[in-house]
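Some notes on the structure that comes next.
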Amino acid sequence: MKNIAVIGAGTMGNGIAHTFAQSGFKVSLIDISEASLKRGMETISKNLDRMVAKEKISESDKTETLSNISTYTSIPEGVKNVELVVEAATENIDLKLNIFKQLDEACVEDTILATNTSSISITQIAAVTSRPEKVIGMHFMNPVPIMKLVEIIRGYNTSDKVTKTIMSLSETLGKAPVEVNDYPGFVANRILMPMLNESIETLYNGVAGVNEIDTVMKLGMAHPMGPLQLADFIGLDVCLSILNVMYDGFKNPKYAPCPLLVNMVRAGKLGIKSGEGFYDYSESRKAEKVASQFSK
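The sequence shown maps to residues 2 to 297 in the numbering used here.
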């Protein structure tokens, strides 16, 4: 396997493209927006510059990595002769189903179709294709070039051969693949999102403030960042989407999103991406200043 296509040039998509390209794969990075492709390539270049500055790679490594990536705004053009497609578009079920219908039509019969979804059913996505045995989940963690874990999610019909191929491929990328089955939230988000939601409930109920909640979890539980800071980093809209998928999937009230989270998303307070969430990022991308709504 040498030729890979990645759908979506956003945070996860450009990170996945970067990781494959740095490992020597030829990557087609596909997005409907030329502006998104430009921003994605700029992000990859900046992240490679950081690696050069830290002497993790050389300038020639950077040049070779960038040369391994070609950009496209057309799915049929971008997926010609690829052996694997990794979809990393927005976490929206209708969008993903539409993309997989297009991929199924445009890709050759043997192409494996993977999705980076963090919560949506692999089985449901596979059902819109004529190759459900070749559809699988590859849930990378953010930031992709750094984080080792990849959740490999088997749909109901995913074959053993495809699963083994993707597990092995992930190891080639220097990742640590973990095989899980197809249930809402898989493993990572089934455990993580209720914790983040409970942290937001704790704030909503006035038990403690933003800094206090994050400090307890950092110092008491040895978490590298507090749950509210992490929610801001992930994106509060993404957290809400995943919780809604789990709530719909399990019909269990423990997964119901906190009303505060719902209102913040409605108000456009999405975390780092919007400049404000539980923290104010207008002056720094670090969680140093609590948002005015939550400051005492």
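The C-beta atom is built at its ideal place from N, Cα and C for all residues, glycine as well. None of the values given here were measured: they were computed from a predicted structure.
For residue i, write down the residues that DSSP places opposite it in a beta bridge.
i, result
"Tyr-280", "Val-291"
"Met-139", "Ile-153"
"Pro-178", "Val-151"
"Tyr-73", "Ile-31"
"Asn-4", "Lys-27"
"Ala-115", "Val-87, Ile-137"
Ordered along the chain, which non-local residues of its own chain (more than five positions away) have a Cβ less than 8 Å from that of residue i?
i, result
"Met-196", "Pro-228"
"Thr-203", "Ala-209, Ile-214"
"Thr-173", "Ser-24"
"Arg-184", "For clarity, residue 184 is Tyr in the given sequence; the question names Arg instead. Closer than 8 Å at the Cβ level, and outside the excluded window around Tyr-184, lie Arg-191, Gly-250."
"Ile-243", "Glu-92, Ser-119, Ser-120, Gly-186, Asn-190, Met-194"
"Ile-33", "Thr-74"
"Leu-237", "Leu-262, Met-265, Val-266, Lys-270, Leu-271, Gly-272, Gly-278"
Identify, in the order they occur along the chain, each residue of the same chain with its Cβ nearer than 6 Å to the Cβ of residue i, setting aside the five sequence neighbours on each side.
i, result
"Asn-15", "Gly-41, Thr-44, Ile-45"
"Pro-178", "Val-151, Ile-153, Met-168, Ser-171"
"Val-181", "Glu-152, Ile-154, Phe-187, Val-188"
"Ala-232", "Leu-197, Cys-240"
"Phe-101", "Ile-126, Val-129, Thr-130"
"Ile-201", "Cys-259, Leu-261, Leu-262"
"Gly-276", "Tyr-282, Ser-283"
"Leu-96", "Ala-90"
"Lys-55", "none"
"Ile-58", "Met-52"
Have a look at the options and flag the residue whose alpha-carbon is nearest the alpha-carbon of residue i.
i, options, result
"Ser-120", "Met-142, Ile-17, Asp-105", "Met-142"
"Val-163", "Phe-187, Asp-281, Arg-132", "Arg-132"
"Val-239", "Tyr-256, Val-211, Leu-271, Met-52", "Leu-271"
"Ser-122", "Lys-287, Val-246, Tyr-256", "Val-246"
"Phe-234", "Ser-293, Lys-57, Ile-273, Gly-221", "Ile-273"
"Thr-91", "Thr-159, Ala-10, Asn-4", "Ala-10"
"Ser-29", "Ser-37, Val-83, Ile-58", "Val-83"
"Ala-268", "Gln-294, Asn-158, Asn-253", "Gln-294"
"Thr-124", "Glu-110, Tyr-205, Asp-111, Ser-160", "Ser-160"
"Thr-112", "Met-2, Ala-223, Glu-277", "Met-2"
"Ile-8", "Leu-98, Asn-48, Lys-57, Glu-56", "Leu-98"
"Glu-199", "Leu-38, Lys-165, Cys-259, Gly-156", "Cys-259"
"Ala-6", "Ser-37, Ile-70, Asp-50, Lys-55", "Ile-70"
"Tyr-205", "Met-265, Gly-175, Lys-57", "Met-265"
"Ala-115", "Ala-257, Lys-47, Val-136", "Val-136"
"Val-109", "Asn-4, Glu-289, Tyr-282", "Asn-4"
"Gly-207", "Lys-297, Lys-55, Asn-48", "Lys-297"
"Lys-287", "Met-226, Lys-255, Gly-156, Tyr-248", "Met-226"
"Leu-85", "Asp-95, Val-211, Asp-105", "Asp-105"
"Gly-211", "Ala-292, Lys-255, His-224, Lys-165", "Note that residue 211 corresponds to Val in the displayed sequence, not to Gly. If we check each option's Cα against that of Val-211, Ala-292 comes out closest."
"Met-158", "Thr-166, Tyr-256, Glu-134", "Rather than Met, the amino acid found at residue 158 in this sequence is Asn. Nearest of Thr-166, Tyr-256, Glu-134 to Asn-158, Cα basis: Glu-134."
"Phe-21", "Tyr-280, Gln-230, Gly-175", "Gly-175"
Quick one: what's got a C-beta closer than 7 Å to residue i's C-beta in the same chain, skipping five residues either side?
i, result
"Val-263", "Leu-241"
"Ala-107", "Ile-76, Pro-77, Val-80"
"Asn-301", "In the structure as shown, the chain begins at 2 and stops at 297. Residue 301 is therefore absent and cannot be evaluated."
"Gln-103", "Ile-76"
"Glu-60", "Val-53"
"Glu-35", "Thr-74"
"Ile-94", "Ile-121"
Counting only beta-carbon atoms, is residue i nearer than 7 Å to chain B?
i, result
"Ile-113", "As a matter of chain content, chain B is missing from the structure shown, which is built from one protein chain."
*Please list the segments of the beta strand (DSSP E) lying wholly inside the segment 240-278, counting only runs of 3 or more residues, in order along the chain.*
none
*asked:* Whether or not the segment 216-223 and the segment 135-155 are in contact is what I'm after, with contact meaning three or more pairs of Cβ atoms, one per stretch, closer than 8 Å; do they touch?
replied: no
_Suppose only complete runs of 4+ residues qualify. What are the alpha helix (DSSP H) ranges in the segment 161-224, listed by chain order?_
161-173, 189-205, 211-222
*asked:* Does the contact criterion of 3 or more C-beta pairs under 8 Å hold for the segment 65-74 versus the segment 21-36?
replied: yes
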